[in-house]
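Structure record follows, encoded as structure tokens.
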Amino acid sequence: MVDSRPWLSYLTHAVLLIGVFIVAFPIYITFVASTHTLQDVLQAPMPLLPGEQLVENYLQALTAGLGEAAGTANPGAGRMMLNSLVMALGIAFGKIAISIIAAFAIVYFRFPFRMTAFWLIFITLMLPVEVRILPTYKVVADLGLLDTYAGLTIPLIASATATFMFRQVFLAVPDELAEAARIDGAGPLRFFWDVLLPLSRTNIAALFVILFIFGWNQYLWPLLITTDPDMVTIVIGINRMLAVGDDQAEWQLVMATTMLAMIPPILVVVAMQRLFVKGLVETEK
Amino acid sequence: MEKRVVFNHRVLPYLLLAPQIVITLVFFIWPAVQALKQSVLLEDAFGLSSEFVWLDNFADLFGDPFYMASLWTTAVFSVSVALLALSAALYLAVQADRVVRGAMAYKTLLIWPYAVAPAVAGVLWLLLFSPALGLLPHLLRDVGYEWNHNVKGGQAMVLVVIAASWKQISYNFLFFLAGLQAIPRSLIEAAAIDGAGPARRFWTIVFPLLTPTTFFLLVINVVYAFFDTFGIIHSVTQGGPAGATNILVYKVFSDGFIGLDLGGSAAQSVVLMGIVIALTVVQFRYVERRVHY
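Chain order of the listed sequences is A and B. For the first sequence, this note's numbering assigns the number 167 to the initial residue and increments by one for each residue that follows. For the second sequence, this note's numbering assigns the number 29 to the initial residue and increments by one for each residue that follows.
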């Protein structure tokens, strides 16, 4: 604060608290809804304080989902969270692995078609899955990858941003290190493993946080390629639970599942805030 | 920038690049080429034969009142999301930059909606605005306003704009806060000594210095509103009522995947690709090097 105006300081805190309230309110209401019985949720106005059904609702959401009774063959949220976890980890590790070696090749070697490869990777930046839905679906179907973990992850792991980020990181590594490694007789792979990887550790961690959230929150792609209820990710599962036609949606279970879908990525962001911010700034630059 | 020290190896670099290149070719380039090809073909209902029709699919597309309506809807949607998410985030960031104590706590409390999936954000707001059991329609009814986004297109648009902006505020907040903290204190102190009040200091010094950040975020927000909000539309309104929230990305999906109109969907894909390429060029040409942290 440059000049001291007490009323302004109070106003500032008030505005920030209102901001925090608006940001948190939808989540709070969702939490409240997930702790009541359906009858309580349906009465208008909805209760504003948590109820007593917390354990029951979450247990049912985790293990049984809606069950067969509601006409949707959804597995419990436990299975769906496992699918999401596999997808998020597969995408995060896959993207980091193939991007870091591609960046290593582009920075530390001179070879024909180097720039061609660079531009080819750059193009992936311009072709998000949303703009090439049908043909990509057809490729994956022809390869027999529908309803598989491979189909969920592999088409999404090419990444221009991650490759660029590692390229920036490697370009900032002093040339003396590579020179010293060469004089000591270390080959390129040895240099990569013993020098570059340890040097980019924090970058990898920061990128991992961002990519985990990206993978966990994928929507359009799993929506297209999974039809088997056992392969549904949790974000898609919520939507399927709401789409019950004329029946009354089981809001308390939907909301318990929604909470379960949000908890892992939110925990990652809050627990690794520093890495998260670093990853965000670096990948977007 | 190039490395002076490089390794020499004939095969290794190709092996290292192979996974990335193969995936790019199989899942990006090939489908994109297919979309381009489909967009100039007319296929019969059974997919047995196809005919080269030049740019007829595009002519049909831009002659189609539904597509033009979708273009307009997308424009309204993305401008609203960008304006709402940017102004709210900037306002909060300026306040957070001003507090001496507790800035970190506010930051932690404001950034986590980034971790919420767009589709989940949609469900959260759907519960709040649900005409049957939502809290806000109940309050609105008390003041005599009928809320039912399943029937009224304008309300459906307001709902998806709020849900989409809510999720994007945390991202914008982080970048605005970083931008604000990079502004030299001496400039602001000098202005204060000259007698400029907080509002004047903001509009004549802080805001102009934030222009690069704002412009960068504007591009990112437009890209977000165009492509990443599919989940919100799909889970909240399914493009309805009567196409009031049928944005381009959702229309490609519903025409191609549900309606099975291959040529038309491919032509829409090509138009979208054009939009992404234009936005990416803008981002790299005008934005990248001007953002400071």
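Note that CB positions come from ideal geometry on N, CA and C, so glycine has one too. Remember, predicted model here, so these are calculated numbers, not experimental data.
Alpha helix (DSSP H) containing Asn405(A): first to last residue?
400-408
Quick check on Met292(A): buried or exposed, where buried means 16 or more other Cβ atoms within 10 Å of its Cβ?
Met292(A) should be labelled buried.
Let me see if you follow: with CB-CB separation under 7 Å, is Thr308(B) close to chain A or not?
Thr308(B) counts as touching chain A.
Taking the alpha carbon of Ala220(B) as the reference point, which residue from Gln209(B), Ile233(B), Ala210(B), Ile51(B) has its own alpha carbon closest?
Ile233(B)
Between the C-alpha atoms of Phe357(A) and Ala347(A), what's the straight-line distance to the nearest angstrom?
6 Å
Check for me: the alpha helix (DSSP H) holding Tyr173(B) runs from which residue to which?
Per DSSP, Tyr173(B) belongs to no alpha helix (DSSP H) and is neither H nor E.
Can you give me the Cβ contacts of Gly302(B) inside the same chain, cut-off strictly under 8 Å, excluding the 5 residues immediately before and after it?
So the list is empty, once near-sequence residues are dropped.
By Cβ distance, which residues of its chain are closer than 8 Å to Ala199(A), with the 5 residues on each side in sequence left out?
Val207, Met212, Trp417, Gln418, Met421
What do you reckon, are the CB atoms on Leu138(B) and Ser198(B) nearer than 7 Å?
yes
Can you confirm whether the stretch 153-166 of chain B touches the stretch 238-253 of chain B when touching is taken to mean that 3 or more C-beta pairs between the two stretches lie within less than 8 Å?
no
To the nearest angstrom, how far is it from the Cα of Tyr173(B) to the Cα of Leu64(B)?
48 Å
What is the DSSP secondary structure of Leu83(B), counted as helix, strand or coil?
coil
Determine the chain E residues that contact Val297(A) at a beta-carbon separation under 7 Å, and present them in chain order.
Absent here is chain E; the protein component of the structure consists of chains A and B.
Would you mind working out which of Pro301(A), Phe284(A), Tyr303(A), Phe275(A) sits nearest Val39(B), comparing C-alpha positions?
A check of alpha carbon separations from Val39(B) across Pro301(A), Phe284(A), Tyr303(A), Phe275(A) identifies Phe275(A) as the nearest.
Who does Leu220(A) pair with in a DSSP beta bridge?
According to DSSP, which records beta bridges pairwise, Leu220(A) is partnered with nothing at all.
Mind pulling the chain A residues with CB within less than 7 Å of Phe90(B)?
Per Cβ cutoff of 7 Å: no residues; Phe90(B) is ~18 Å from chain A at best.
At the 7 Å Cβ level, is Thr302(A) part of the contact set with chain B, yes or no?
It does; some Cβ of chain B falls within 7 Å.
Just the chain B side, please: which residues come within less than 7 Å of His179(A) by C-beta, in chain order?
Val127
Residues of chain A with CB closer than 8 Å to the CB of Tyr95(B), please, in chain order.
Result: empty, since nearest Cβ-Cβ is about 15 Å, beyond 8 Å.
Determine the direct distance from the alpha carbon of His177(B) to that of Ala235(A), and round the result to whole angstroms.
Annotation note: pLDDT 46 at Ala235(A) (below 50); position unreliable, coordinate value reported separately. Pairing Ala235(A) with His177(B), the inter-Cα distance amounts to about 29 Å.
When the Cα atoms are used, what is the spatial distance from Pro269(B) to Lys180(B)?
7 Å
For Leu441(A), which three-state DSSP category applies?
It is helical.
Using the C-alpha atoms, what's the distance from Ala131(B) back to Val309(B)?
36 Å
Is the beta carbon of Met281(A) less than 7 Å from the beta carbon of Gly403(A)?
No, the pair does not count as a contact, with Cβ atoms beyond the cut-off.
To the nearest angstrom, how far is the alpha carbon of Leu155(B) from that of Ile275(B)?
22 Å
Within the continuous alpha helix (DSSP H) that includes Val295(A), where are the two ends?
No alpha helix (DSSP H) contains Val295(A), which DSSP labels as neither H nor E.
Between the stretch 432-446 of chain A and the stretch 142-149 of chain B, are three or more C-beta pairs nearer than 8 Å?
yes
Name the chain B residues that come within less than 7 Å of Arg137(A), Cβ to Cβ?
The question about residue 137(A) has no answer, for chain A in this structure spans 167 to 451.
Give the residues of chain A in contact with Leu155(B), contact being defined as C-beta atoms less than 8 Å apart.
Pro192, Ile195, Thr196, Ala199, Trp417, Met421
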